[in-house]
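Read through the structure below, which is laid out as C-alpha coordinates, and then see the notes.
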(Lines of atoms letter the chains of each structure in order from A; the text may use other names.)
(Lines give C-alpha, C1' and ligand atoms only; values in the text may rest on other atoms or scores of the structure.)
Protein backbone atom coordinates (compact mmCIF):
# COMPACT_ATOMS: atom_id res chain seq x y z
CA UNK A 1 0.00 0.00 0.00
CA UNK A 2 2.89 2.39 0.71
CA UNK A 3 4.17 2.06 -2.86
CA UNK A 4 0.70 2.52 -4.32
CA UNK A 5 0.09 5.55 -2.12
CA UNK A 6 3.39 7.11 -3.10
CA UNK A 7 2.63 6.56 -6.79
CA UNK A 8 -0.79 8.16 -6.38
CA UNK A 9 0.68 11.18 -4.60
CA UNK A 10 3.39 11.55 -7.25
CA UNK A 11 0.83 11.29 -10.06
CA UNK A 12 -1.39 13.89 -8.41
CA UNK A 13 1.50 16.30 -7.93
CA UNK A 14 2.74 15.80 -11.50
CA UNK A 15 -0.71 16.51 -12.98
CA UNK A 16 -1.06 19.57 -10.78
CA UNK A 17 2.31 21.00 -11.80
CA UNK A 18 1.69 20.27 -15.48
CA UNK A 19 -1.62 22.14 -15.33
CA UNK A 20 -0.44 24.99 -13.14
CA UNK A 21 2.64 26.16 -15.00
CA UNK A 22 1.24 26.84 -18.51
CA UNK A 23 -2.11 28.13 -17.26
CA UNK A 24 -0.26 30.63 -15.12
CA UNK A 25 0.44 32.69 -18.24
CA UNK A 26 -3.16 33.92 -18.31
CA UNK A 27 -2.91 34.76 -14.65
CA UNK A 28 0.23 36.78 -15.38
CA UNK A 29 -1.58 39.06 -17.81
CA UNK A 30 -4.26 39.77 -15.23
CA UNK A 31 -1.67 40.51 -12.55
CA UNK A 32 -0.08 43.19 -14.74
CA UNK A 33 -3.62 44.50 -15.46
CA UNK A 34 -3.49 43.53 -19.14
CA UNK A 35 -6.60 42.09 -20.84
CA UNK A 36 -6.47 38.56 -22.15
CA UNK A 37 -6.22 38.14 -25.94
CA UNK A 38 -9.55 38.59 -27.69
CA UNK A 39 -11.51 40.06 -24.78
CA UNK A 40 -10.33 43.68 -24.74
CA UNK A 41 -13.47 44.84 -26.59
CA UNK A 42 -15.72 42.89 -24.24
CA UNK A 43 -13.99 44.43 -21.25
CA UNK A 44 -14.42 47.98 -22.56
CA UNK A 45 -18.17 47.39 -22.84
CA UNK A 46 -18.22 45.92 -19.33
CA UNK A 47 -16.33 48.86 -17.83
CA UNK A 48 -18.71 51.36 -19.43
CA UNK A 49 -21.79 49.36 -18.41
CA UNK A 50 -20.64 48.88 -14.82
CA UNK A 51 -19.19 52.38 -14.49
CA UNK A 52 -15.72 51.07 -13.69
CA UNK A 53 -12.85 53.44 -14.36
CA UNK A 54 -9.34 52.22 -15.00
CA UNK A 55 -7.58 54.33 -12.39
CA UNK A 56 -5.21 52.53 -10.06
CA UNK A 57 -5.96 52.33 -6.33
CA UNK A 58 -3.70 52.65 -3.33
CA UNK A 59 -3.94 50.02 -0.62
CA UNK A 60 -6.66 51.87 1.31
CA UNK A 61 -8.87 52.27 -1.76
CA UNK A 62 -8.27 48.65 -2.78
CA UNK A 63 -9.17 47.42 0.69
CA UNK A 64 -12.28 49.61 0.84
CA UNK A 65 -13.52 48.24 -2.50
CA UNK A 66 -13.11 44.63 -1.32
CA UNK A 67 -14.83 45.34 1.99
CA UNK A 68 -17.70 47.14 0.25
CA UNK A 69 -18.33 44.22 -2.10
CA UNK A 70 -18.23 41.64 0.65
CA UNK A 71 -20.45 43.60 3.04
CA UNK A 72 -22.98 43.95 0.23
CA UNK A 73 -22.71 40.23 -0.51
CA UNK A 74 -23.19 39.39 3.16
CA UNK A 75 -26.36 41.51 3.37
CA UNK A 76 -27.88 40.02 0.22
CA UNK A 77 -27.06 36.44 1.22
CA UNK A 78 -28.53 36.98 4.69
CA UNK A 79 -31.79 38.23 3.16
CA UNK A 80 -31.98 35.31 0.72
CA UNK A 81 -31.58 32.79 3.52
CA UNK A 82 -33.83 34.56 6.02
CA UNK A 83 -36.73 35.00 3.56
CA UNK A 84 -36.12 31.73 1.73
CA UNK A 85 -39.72 30.46 2.07
CA UNK A 86 -41.04 33.42 0.03
CA UNK A 87 -38.58 32.98 -2.83
CA UNK A 88 -38.86 30.71 -5.92
CA UNK A 89 -37.27 27.31 -6.62
CA UNK A 90 -38.29 25.81 -3.31
CA UNK A 91 -40.11 22.58 -4.28
CA UNK A 92 -39.82 21.14 -0.76
CA UNK A 93 -41.32 24.33 0.75
CA UNK A 94 -38.44 24.68 3.17
CA UNK A 95 -38.83 27.51 5.71
CA UNK A 96 -36.47 30.44 6.01
CA UNK A 97 -33.48 30.16 8.31
CA UNK A 98 -33.51 31.72 11.75
CA UNK A 99 -31.74 35.08 11.88
CA UNK A 100 -28.73 33.72 13.75
CA UNK A 101 -28.26 30.73 11.43
CA UNK A 102 -28.73 32.95 8.37
CA UNK A 103 -26.12 35.38 9.70
CA UNK A 104 -23.74 32.56 10.63
CA UNK A 105 -24.05 31.03 7.16
CA UNK A 106 -23.71 34.36 5.35
CA UNK A 107 -20.57 35.30 7.27
CA UNK A 108 -19.11 31.84 6.69
CA UNK A 109 -19.55 31.94 2.92
CA UNK A 110 -18.51 35.57 2.51
CA UNK A 111 -15.29 35.00 4.44
CA UNK A 112 -14.54 31.58 2.89
CA UNK A 113 -14.48 30.14 6.40
CA UNK A 114 -15.64 26.66 5.31
CA UNK A 115 -18.16 26.30 8.15
CA UNK A 116 -21.66 24.82 7.96
CA UNK A 117 -24.07 24.68 10.88
CA UNK A 118 -26.90 23.13 8.88
CA UNK A 119 -27.70 20.19 6.61
CA UNK A 120 -27.94 21.59 3.10
CA UNK A 121 -30.34 19.06 1.62
CA UNK A 122 -32.91 19.55 4.40
CA UNK A 123 -32.44 23.26 5.08
CA UNK A 124 -31.79 25.25 1.89
CA UNK A 125 -33.90 25.71 -1.24
CA UNK A 126 -32.48 25.50 -4.74
CA UNK A 127 -32.68 29.30 -5.04
CA UNK A 128 -30.65 29.75 -1.85
CA UNK A 129 -28.09 27.25 -3.09
CA UNK A 130 -27.75 28.84 -6.56
CA UNK A 131 -28.39 32.57 -6.14
CA UNK A 132 -26.94 32.66 -2.65
CA UNK A 133 -24.20 30.17 -1.89
CA UNK A 134 -22.94 29.46 -5.41
CA UNK A 135 -22.69 33.16 -6.25
CA UNK A 136 -20.90 33.85 -2.99
CA UNK A 137 -18.52 30.97 -3.68
CA UNK A 138 -17.42 32.86 -6.78
CA UNK A 139 -17.17 36.22 -5.00
CA UNK A 140 -15.25 34.97 -1.97
CA UNK A 141 -12.79 33.11 -4.20
CA UNK A 142 -12.39 36.18 -6.43
CA UNK A 143 -11.72 38.31 -3.37
CA UNK A 144 -8.99 35.95 -2.19
CA UNK A 145 -7.31 35.89 -5.60
CA UNK A 146 -7.55 39.70 -5.84
CA UNK A 147 -5.69 39.95 -2.54
CA UNK A 148 -3.01 37.65 -3.98
CA UNK A 149 -2.79 39.94 -7.04
CA UNK A 150 -2.31 42.96 -4.78
CA UNK A 151 0.33 41.11 -2.76
CA UNK A 152 2.31 40.09 -5.86
CA UNK A 153 2.15 43.65 -7.23
CA UNK A 154 3.39 44.99 -3.91
CA UNK A 155 6.37 42.62 -4.09
CA UNK A 156 7.22 43.19 -7.75
CA UNK A 157 6.46 46.87 -8.37
CA UNK A 158 9.13 49.38 -7.49
CA UNK A 159 8.63 53.06 -6.62
CA UNK A 160 4.85 52.73 -7.00
CA UNK A 161 2.14 53.28 -4.42
CA UNK A 162 -0.78 51.64 -6.24
CA UNK A 163 -1.96 48.03 -6.34
CA UNK A 164 -4.25 48.02 -9.39
CA UNK A 165 -8.00 48.48 -9.69
CA UNK A 166 -9.97 46.18 -7.40
CA UNK A 167 -13.17 46.29 -9.47
CA UNK A 168 -11.38 45.37 -12.68
CA UNK A 169 -9.49 42.61 -10.89
CA UNK A 170 -12.68 41.11 -9.45
CA UNK A 171 -14.50 41.11 -12.79
CA UNK A 172 -11.54 39.66 -14.67
CA UNK A 173 -10.88 36.97 -12.07
CA UNK A 174 -14.53 35.89 -12.08
CA UNK A 175 -15.08 35.95 -15.85
CA UNK A 176 -11.72 34.77 -17.20
CA UNK A 177 -10.38 32.51 -14.42
CA UNK A 178 -13.09 31.08 -12.19
CA UNK A 179 -16.12 30.82 -14.46
CA UNK A 180 -14.51 29.01 -17.45
CA UNK A 181 -12.72 26.45 -15.28
CA UNK A 182 -15.77 25.93 -13.06
CA UNK A 183 -17.94 25.39 -16.15
CA UNK A 184 -15.59 22.73 -17.51
CA UNK A 185 -15.42 20.98 -14.14
CA UNK A 186 -19.20 21.12 -13.70
CA UNK A 187 -19.80 19.56 -17.13
CA UNK A 188 -17.32 16.81 -16.28
CA UNK A 189 -19.11 16.18 -12.98
CA UNK A 190 -22.46 15.90 -14.77
CA UNK A 191 -20.98 13.39 -17.20
CA UNK A 192 -19.71 11.37 -14.25
CA UNK A 193 -23.11 11.27 -12.57
CA UNK A 194 -23.19 14.24 -10.19
CA UNK A 195 -26.73 15.58 -9.87
CA UNK A 196 -27.74 18.74 -11.75
CA UNK A 197 -31.49 19.32 -11.86
CA UNK A 198 -34.32 21.34 -10.34
CA UNK A 199 -36.60 18.37 -9.67
CA UNK A 200 -38.50 17.78 -6.47
CA UNK A 201 -37.07 15.19 -4.10
CA UNK A 202 -37.78 11.64 -5.30
CA UNK A 203 -39.56 9.13 -3.02
CA UNK A 204 -38.40 5.55 -3.50
CA UNK A 205 -39.00 2.16 -1.95
CA UNK A 206 -35.87 0.35 -0.80
CA UNK A 207 -35.25 -3.38 -1.17
CA UNK A 208 -36.38 -3.82 2.43
CA UNK A 209 -39.69 -2.13 1.63
CA UNK A 210 -38.96 1.07 3.54
CA UNK A 211 -39.72 4.49 2.09
CA UNK A 212 -36.85 6.90 1.44
CA UNK A 213 -36.71 10.42 0.03
CA UNK A 214 -33.77 11.07 -2.31
CA UNK A 215 -32.61 14.71 -2.47
CA UNK A 216 -32.19 16.30 -5.88
CA UNK A 217 -30.83 19.67 -6.95
CA UNK A 218 -28.20 21.68 -8.86
CA UNK A 219 -25.24 19.94 -7.25
CA UNK A 220 -22.57 19.88 -9.99
CA UNK A 221 -22.61 23.63 -10.60
CA UNK A 222 -22.06 24.38 -6.92
CA UNK A 223 -19.58 21.57 -6.38
CA UNK A 224 -17.29 22.86 -9.15
CA UNK A 225 -16.82 26.36 -7.73
CA UNK A 226 -16.88 25.02 -4.19
CA UNK A 227 -13.73 23.00 -4.85
CA UNK A 228 -12.11 25.50 -7.23
CA UNK A 229 -12.59 28.33 -4.76
CA UNK A 230 -11.67 26.13 -1.76
CA UNK A 231 -15.07 26.77 -0.18
CA UNK A 232 -16.08 24.17 2.37
CA UNK A 233 -19.84 24.53 2.27
CA UNK A 234 -21.33 21.81 0.10
CA UNK A 235 -24.78 21.01 -1.23
CA UNK A 236 -25.12 18.00 1.06
CA UNK A 237 -24.34 17.70 4.74
CA UNK A 238 -21.74 15.01 4.01
CA UNK A 239 -20.11 17.22 1.36
CA UNK A 240 -17.86 15.22 -0.98
CA UNK A 241 -18.45 12.03 0.98
CA UNK A 242 -21.97 11.96 -0.48
CA UNK A 243 -22.27 9.75 -3.61
CA UNK A 244 -24.52 12.31 -5.34
CA UNK A 245 -21.74 14.88 -4.96
CA UNK A 246 -18.68 12.71 -5.56
CA UNK A 247 -19.72 9.44 -7.28
CA UNK A 248 -16.48 8.16 -8.85
CA UNK A 249 -12.73 8.00 -8.32
CA UNK A 250 -12.30 10.43 -11.24
CA UNK A 251 -14.54 13.05 -9.66
CA UNK A 252 -12.59 12.64 -6.44
CA UNK A 253 -9.29 13.22 -8.27
CA UNK A 254 -10.64 16.28 -10.10
CA UNK A 255 -11.98 17.71 -6.86
CA UNK A 256 -8.59 17.35 -5.21
CA UNK A 257 -6.88 18.98 -8.19
CA UNK A 258 -9.41 21.82 -8.17
CA UNK A 259 -8.63 22.61 -4.54
CA UNK A 260 -4.97 23.26 -5.40
CA UNK A 261 -5.52 24.69 -8.88
CA UNK A 262 -5.64 28.44 -8.31
CA UNK A 263 -3.16 28.47 -5.43
CA UNK A 264 -0.59 26.52 -7.46
CA UNK A 265 -1.04 28.85 -10.45
CA UNK A 266 -0.59 31.87 -8.20
CA UNK A 267 2.55 30.33 -6.69
CA UNK A 268 4.11 29.81 -10.11
CA UNK A 269 3.10 33.31 -11.12
CA UNK A 270 4.77 34.77 -8.03
CA UNK A 271 7.93 32.93 -9.01
CA UNK A 272 7.77 34.18 -12.61
CA UNK A 273 6.82 37.74 -11.64
CA UNK A 274 9.87 37.94 -9.44
CA UNK A 275 12.12 37.03 -12.36
CA UNK A 276 12.59 33.49 -11.07
CA UNK A 277 14.32 34.97 -8.05
CA UNK A 278 15.86 32.73 -5.37
CA UNK A 279 13.09 33.69 -2.93
CA UNK A 280 10.42 32.71 -5.46
CA UNK A 281 12.19 29.43 -6.17
CA UNK A 282 12.37 28.70 -2.46
CA UNK A 283 8.64 29.39 -2.15
CA UNK A 284 7.79 26.90 -4.91
CA UNK A 285 10.19 24.20 -3.71
CA UNK A 286 9.21 24.71 -0.08
CA UNK A 287 5.52 24.27 -0.81
CA UNK A 288 6.14 21.12 -2.85
CA UNK A 289 8.29 19.61 -0.09
CA UNK A 290 5.73 20.57 2.56
CA UNK A 291 2.91 18.98 0.54
CA UNK A 292 4.89 15.78 -0.06
CA UNK A 293 5.83 15.58 3.60
CA UNK A 294 2.24 15.85 4.77
CA UNK A 295 1.02 13.34 2.19
CA UNK A 296 3.87 10.96 2.97
CA UNK A 297 3.13 11.09 6.68
CA UNK A 298 -0.53 10.37 6.05
CA UNK A 299 0.32 7.49 3.73
CA UNK A 300 2.71 5.94 6.24
CA UNK A 301 0.15 6.36 9.02
CA UNK A 302 -2.58 4.79 6.91
CA UNK A 303 -0.37 1.82 6.05
CA UNK A 304 0.98 1.21 9.55
CA UNK A 305 -1.46 -1.58 10.32
CA UNK A 306 -2.91 0.24 13.35
CA UNK A 307 -6.03 1.62 11.70
CA UNK A 308 -9.48 0.06 11.89
CA UNK A 309 -11.32 0.72 8.64
CA UNK A 310 -15.08 0.62 8.59
CA UNK A 311 -16.83 -2.00 6.49
CA UNK A 312 -19.60 0.19 5.09
CA UNK A 313 -21.49 -2.78 3.72
CA UNK A 314 -21.94 -4.50 7.09
CA UNK A 315 -21.40 -1.64 9.51
CA UNK A 316 -18.59 -3.54 11.24
CA UNK A 317 -14.98 -2.68 12.02
CA UNK A 318 -12.12 -5.05 11.53
CA UNK A 319 -8.42 -4.78 12.20
CA UNK A 320 -5.83 -5.37 9.48
CA UNK A 321 -4.57 -8.94 9.49
CA UNK A 322 -7.66 -10.54 11.00
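In full-length UniProt numbering, the protein residues as written are 1 to 322.
For each residue, glycine too, the CB sits at the ideal point set by N, CA and C.
Legend entry - Test item: CB-CB of residue 162 and residue 58 under 7 Å: The residue labelled residue 162 in the question sits at position 162 within the chain shown. The residue labelled residue 58 in the question sits at position 58 within the chain shown. Result yes, Cβ atoms of residue 162 and residue 58 sit closer than 7 Å.
Legend entry - Helix, strand or coil at residue 203 according to DSSP, with G and I counted as helix: Here residue 203 is taken as the residue at index 203 of the chain shown, counted from 1. Strand at residue 203.
Inset, instruction - Could you tell me whether the Cβ atoms of residue 339 and residue 218 are closer together than 7 Å? - result: Because the chain is modelled from 1 through 322, residue 339 falls outside the range shown and cannot be assessed.
Inset, instruction - Return helix, strand or coil for residue 192, following the three-state DSSP convention. - result: The residue labelled residue 192 in the question sits at position 192 within the chain shown. In this structure, residue 192 counts as helix in the three-state DSSP scheme.
Inset, instruction - Determine the burial state of residue 242: buried for a count of at least 16 other Cβ atoms within 10 Å of its Cβ, exposed for fewer. - result: Here residue 242 refers to the residue found at position 242 when the chain shown is read from its first residue. Its Cβ being crowded by 16 or more others within 10 Å, residue 242 is buried.
Legend entry - Rounded C-alpha distance that separates residue 45 from residue 32: Sequence index remark: in the chain shown, residue 45 carries index 45 (1-based). Sequence index remark: in the chain shown, residue 32 carries index 32 (1-based). About 20 Å.
Legend entry - residue 168: first and last residue of the uninterrupted alpha helix (DSSP H) it sits in: Along the chain shown, one-based indexing puts residue 168 at 168. Its alpha helix (DSSP H) spans residues 166-172.
Inset, instruction - Could you check how far apart the C-beta atoms of residue 116 and residue 77 are, in whole angstroms? I think they sit under 8 Å. - result: Sequence index remark: in the chain shown, residue 116 carries index 116 (1-based). Sequence index remark: in the chain shown, residue 77 carries index 77 (1-based). The pair is not a contact, with the Cβ atoms about 14 Å apart (cut-off 8 Å).
Legend entry - Nearest candidate by alpha-carbon position, reference residue 49, set 17, 160, 168: Residue mapping note: residue 49 aligns to position 49 of the chain shown, counting from 1. Out of 17, 160, 168, 168 has the C-alpha closest to the C-alpha of residue 49.
Legend entry - residue 200 versus residue 251 - alpha carbon distance: Counted from its first residue, the chain shown places residue 200 at position 200. Counted from its first residue, the chain shown places residue 251 at position 251. C-alpha separation (whole angstroms): 25 Å.
Inset, instruction - Count the CB pairs spanning the segment 123-142 and the segment 217-234 that are closer than 8 Å, and state whether there are at least three. - result: yes
Legend entry - Delimiting residues of the beta strand (DSSP E) encompassing residue 211: Stepping through the chain shown from its first residue, residue 211 is reached at position 211. Segment 211-214, the beta strand (DSSP E) holding residue 211.
Inset, instruction - Can you give me the Cβ contacts of residue 249 inside the same chain, cut-off strictly under 8 Å, excluding the 5 residues immediately before and after it? - result: As a position in the chain shown, residue 249 is number 249, starting the count at 1. Taken in chain order, the list of residues that qualify is empty.
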